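Input: a single structure, listed below in structure tokens.
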Amino acid sequence: MTEATEDGTGTYLYGIVYADQFKNAKEPLEVTGVGGSDAKVRAVEAGDLAAIVSDAALTRYETNRENLVAHETVLEEVMKGADIVPVAFGIVATNDEEVKEQLLERESELLHQSLDYVKGRVELTLQVLWNEDRLFREIADENEEIRQLRDAIAGQPADAVHNEKVQLGTLTGQAVESKSQAEGQAILDALQPLVLETTVNDNITDTMLLNAAFLVEKARMSEVDDKVNQLSQERADRMIFQYVGPLPPFDFVNVHINWQE
Amino acid sequence: MAIQSAAPAGGAGVQRTSGSGNLAELLGVILDKGIVIDAWARVSVIGIEILTVEARVVVSSVETYLRYAEAIGLTAMASPPNQQGQQTGGGQQADGQQAQLPAPDDVRGYLEDNPEGVPLGDLQAYFDASSNDLEEILQTLESENKVRQEDDRYFPAGDNE
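Printed below as a string of structure tokens:
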């Protein structure tokens, strides 16, 4: 039942939509899917659901720029006309039948729930990073103990003050953490009234102070834009804001399908 | 430590950018999120790219602490903004350097730490001392053959002569 087709081509999945919403988009989409120029993006339908797919080799897909961007681009193109429940990168069924029967029909209830949850909603992400020079100057200004230890160490040969340096670094690290935590929370508090849901992810670097994803009503996107803008301007010399979206709501659809074969 | 350029010129605010433009963003977002179907998963993770993300995760280690110590050490070079007005009465000692001259050994020690040579301006910034004071100290050290000057930079002397 799950035999590969002769030439090892499968059905690569991008996301799930309501079929009538996808008909708003031009079909086939004018965008190339993962796997190159043959990968025309199209829909597999079952009932009122549609899976956005393309033909793709039954191989492993590397997490390289080309593939990741192709996957995301397909989703963003579909999002222009439809609310989409995104599928993670690199999910390839053996063929269209499998998608229809094992995913759309068998998991119909789950998919309907997810679709209703994301209806009219998008994801926006915000990463905020310290301007490092400012961060450490602020820490020095705000911490007498750190200043004194810093001054005591200054100009001494490195090996003579190794332990003191580690202690200074530890204190500084604690200060970085607590400042980041406080400032990150202040930004979240300011945005909280404007968003439906917030997911806070781990900071990726030690001078990142916030790595958050927001589920937002499409109609309120520009309010969020304005607020993020304002927060960024208030902090212009101290922090760098990286604000991305609209994204398919990856952080707000956590569906892990694990069939016992 | 990541090198960040300063924030955009004041008042510019921030533009929302699309997801497809940002690879690092995508790595964090579209792997293992959304609908994941184990039986159909065909992802080949490139080692280097995972390193790019994971190697920058905060790790508590001595190395990290030493990097922080270096970064804080650099703040001694910028003039601390709260030094002005520290001389208002009251019994409390103003902290940090007021008009204390560095000891000549401190100056020599600093030059030894920076064997590529240090211009006077950097010494001024580092020790927060006037050029006159520093030049006096440097002259003394030069006369003792502990410091030499070359092309506007000062070097430790006496080791290899």
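Going down the list, the sequences are from chains Z and X. Sequence positions in the first sequence follow my numbering and run 1 to 261. Sequence positions in the second sequence follow my numbering and run 1 to 161. Virtual Cβ for every residue (Gly too), placed ideally from N, Cα, C. This structure is a prediction, so every number in the text was calculated from the model and none was measured.
Cβ of residue i within 8 Å of any chain Z Cβ
| i | result |
| --- | --- |
| X:Gly121 | no |
| X:Val43 | yes |
| X:Ile37 | yes |
| X:Val171 | Look at the range of chain X in this structure, 1 to 161, and you will see that residue 171 of chain X is not part of it. |
| X:Asp133 | no |
| X:Tyr110 | yes |
| X:Asn114 | no |
| X:Glu25 | yes |
| X:Asp106 | yes |
| X:Phe155 | no |
Cross-chain neighbours of residue i in chain Z, by beta carbon under 7 Å
| i | result |
| --- | --- |
| X:Tyr65 | Val166, Gly169, Thr170, Gly173 |
| X:Lys146 | Those within 7 Å of X:Lys146 in chain Z number zero; the least Cβ separation is about 14 Å. |
| X:Val14 | Val228, Asn229, Ser232, Phe241, Tyr243 |
is_contact[residue i, chain X] using C-beta, thresh 8 Å
| i | result |
| --- | --- |
| Z:Ala214 | Looking at the sequence itself, residue 214 of chain Z is Phe, so the reference to Ala does not match. Answer no: the Cβ-Cβ gap between Z:Phe214 and chain X never drops below 8 Å. |
| Z:Gln181 | no |
| Z:Tyr18 | no |
| Z:Arg60 | yes |
| Z:Thr63 | yes |
| Z:Val255 | yes |
| Z:Ala190 | no |
| Z:Asp251 | yes |
| Z:Thr125 | yes |
| Z:Ile187 | no |
| Z:Asn95 | no |
Residues bridged to residue i [DSSP beta-bridge criterion]
| i | result |
| --- | --- |
| Z:Arg42 | Z:Val53 |
| Z:Tyr18 | Z:Leu49 |
| Z:Asn254 | X:Gly34 |
| X:Ala71 | Note: X:Ala71 sits in no beta bridge, so no partner. |
| Z:Tyr243 | Z:Leu126, X:Arg16 |
| X:Thr64 | For X:Thr64, which the question treats as bridged, DSSP gives no partner whatsoever. |
Under 9 Å from the C-beta of residue i: neighbouring residues of chain X
| i | result |
| --- | --- |
| Z:Asn163 | Ordered by position in chain X, no residue passes the 9 Å Cβ test against Z:Asn163, which lies about 10 Å from the chain. |
| Z:Ala262 | Because chain Z spans 1 through 261 in this model, residue 262 of chain Z falls outside it and cannot be assessed. |
Partners in chain X for residue i, counting only beta-carbon separations shorter than 8 Å
| i | result |
| --- | --- |
| Z:Asp116 | In chain order: nothing, as chain X lies at least about 15 Å away. |
| Z:His112 | Here the premise fails: no neighbours, minimum Cβ distance about 13 Å. |
| Z:Thr73 | Ser20 |
| Z:Val69 | Ser20, Leu23, Leu26 |
Classification of residue i by the beta-carbon crowding that lies within 10 angstroms, buried from 16 upward
| i | result |
| --- | --- |
| Z:Arg65 | exposed |
| Z:Gln102 | buried |
| Z:Asp251 | buried |
| Z:Lys100 | buried |
| Z:Ala212 | buried |
| Z:Asn254 | exposed |
Chain-ordered chain X contacts of residue i [CB-CB under 7 Å]
| i | result |
| --- | --- |
| Z:Ala154 | Gly73, Ala76 |
Cross-chain neighbours of residue i in chain Z, by beta carbon under 8 Å
| i | result |
| --- | --- |
| X:Ile30 | Leu68, His71, Glu72, Pro86, Ala88, Phe89, Phe250 |
Per-residue contacts from residue i into chain Z (C-beta, under 9 Å)
| i | result |
| --- | --- |
| X:Thr17 | Gln242, Tyr243, Val244, Gly245 |
request  = Could you tell me which uninterrupted beta strand (DSSP E) segments, each at least 3 residues in length, are contained entirely in the stretch 173-239 of chain Z, listed from first to last along the chain?
outcome  = The qualifying runs are 197-200, 208-217.
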